[in-house]
Each structure stands twice: as C-alpha cells, then as structure tokens.
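Step one of this worksheet: look at the structure below.
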Amino acid sequence: MNIIFIGAPGAGKGTHAKRLSEILNIPHISTGDIFRDNISQQTELGIVADKYISKGMLVPDEITLSIVKDRLSSEDCDGGFILDGFPRTLVQAEGLDWFLGERNRKVDYVVNILVEEDVLIQRLLSRRICSQCKSTFSLSQTCVKNDTCPKCGGKLVKRDDDKIEIIKERFISYHNQTEPLINYYAARKILRNAKSVESYEQTLKNILEEIGITK
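Okay, here's the thing in structure tokens:
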C-alpha cells in the first residue's frame, strides 16, 4: 500500500504516519526529517535546504523530488511506503505520479488530516522533538518533564521553524501551494479526509477507517 499524508503544519502528519508505518510494516518517509538531518550535519543538501526552511519557505521542487525518488528506489519501499511532507505542490505530485507510473505503481490513498488553524498554532508553539529518537511531544503532555524524552531519555528540543513568525509563513505557503493538492487527489478519488480530535487514539482510528483498515 502506498499512502501520502497531507495537512497543514502541525496537523500530526508525522506522528500518525510513523504509527501507521509500524502497523503496516512499511517505511515512513519524512522529507522534513531528511532535510533536518542534513541541515544538522551541514551537508551540501542541508545548506541549500536551510536557506528556505529557516524562512518558512518550501524547498524547490527539483531538490525535493530528487531526494524522494532516490528514497523510493530503495528495496524496503517495494512493498509500500508512507510519505509525510511530500508532495507539497502540484509539480511534486505530478512528478511522483510519473515516477511511480514508470514502475507500474500508484498512490493508493491520500490522507488529509483536518484541524482548525488556531489549534495548529498552539500545537506548534508547544511542540518538542526528541533529539535522539525523533519522537514528537507537546509540553502539555503530563509525561513530558524537564525537557526529557519519555521514550528514550534524550533531550527534547524546539524545532527552528516552530517560531510564530515562521509558522505564519508556513501557513501562507501551505494555503498557496499545498491546498490545491486536495482538489488534485479528490478528482482521482483517492483523497480521504480524517478529522483530528483531542484523543490521539481516536484520530488514528479515524485514519484507519478512512483507508479501510481495522485495528
């Protein structure tokens, strides 16, 4: 099964994509994680990507398409994959379709996570990421204490792009470039809208129901 997660910044794409990858035993591919890892290591890709991400802008299509095609060519993606953070533009979506079509493959489902924008802003401002295992938490969670990851004990850090001025720019980019994807995938009848609620487990259940999986 080949699945794409889309939604506004902070909608929970990464969190639910990671859990679904464990349920289906297929790789979770996050372009955001790939870029952030390269930025922290100061690779050539990271230096280029940082010029855009640090300003809340999208990395150019040709760069993002290149890294995704390379990752999807790996053997572990033969049985399916979950894409999180890609595609973000129609050019990327069309490029992905062409790439998969050349290999007699296709996208099966596109999960659009629905959340109110004011809720998303508060989520992003309180979001913390484990510097070791990359798990995501909120400062509002009772399990989060002293900036320590409840899972592995690593240090919890705030993402550089989780600042209010950058968050606003990211929403502008989302509305201008990513929202058209909703119509694109709806026309192909593979779009599934999953409402995000306060309960993580209920949101996950909503997602599973939309793609026909019983847990």
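The opening position of the sequence shown corresponds to residue 390 in the working numbering, with each subsequent residue numbered one higher. The beta carbon of each residue, even a glycine, is placed where N, CA and C say it ideally should be. From a predicted model like this one, the values you see are computed outputs, not experimental measurements.
Among the options, which one has its Cα closest to the Cα of residue i?
i           : options               : result
residue 543 : 462, 533, 430 and 552 : 533
residue 522 : 515, 502 and 546      : 546
residue 599 : 582, 447 and 537      : 582
residue 530 : 587, 593, 564 and 448 : 587
residue 575 : 432, 482 and 439      : 482
residue 569 : 432, 423 and 501      : 501
residue 422 : 411, 438 and 412      : 438
residue 455 : 538, 527, 424 and 520 : 424
Does the separation of the CB atoms of residue i and residue j fall below 9 Å?
i           : j           : result
residue 469 : residue 392 : yes
residue 499 : residue 580 : yes
residue 524 : residue 540 : yes
residue 397 : residue 506 : yes
residue 567 : residue 478 : yes
residue 485 : residue 562 : no
residue 548 : residue 536 : no
residue 602 : residue 412 : yes
To which residues of the same chain is residue i closer than 6 Å at the C-beta, ignoring the five residues directly before and after it?
i           : result
residue 555 : 445
residue 473 : 394, 402, 403, 406 and 419
residue 399 : 509, 512 and 513
residue 526 : 517 and 533
residue 560 : none
residue 432 : none
residue 520 : 543, 544 and 546
Using 8 Å for Cβ pairs, my map puts residue i next to residue j. What's the rounded Cβ distance?
i           : j           : result
residue 571 : residue 409 : Wrong, their Cβ atoms sit about 20 Å apart, outside the cutoff.
residue 450 : residue 496 : So it is not a contact: roughly 17 Å between Cβ atoms.
residue 550 : residue 442 : 6 Å
residue 475 : residue 457 : 5 Å
Residues in the same chain with beta-carbon distance under 8 Å from residue i, minus the five sequence neighbours each way, listed in chain order, please.
i           : result
residue 429 : 435
residue 565 : none
residue 593 : 405, 408, 409 and 604
residue 494 : 391
residue 573 : 479 and 482
Could you name the residues of the same chain whose beta carbon sits closer than 7 Å to that of residue i, not counting the 5 residues immediately before and after it, in chain order?
i           : result
residue 584 : 503 and 595
residue 427 : 434, 435 and 438
With a cut-off of 8 Å, do at least 3 Cβ pairs link the stretch 449 to 469 to the stretch 414 to 431? With the cut-off at 8 Å, the stretch 449 to 469 and the stretch 414 to 431 touch.
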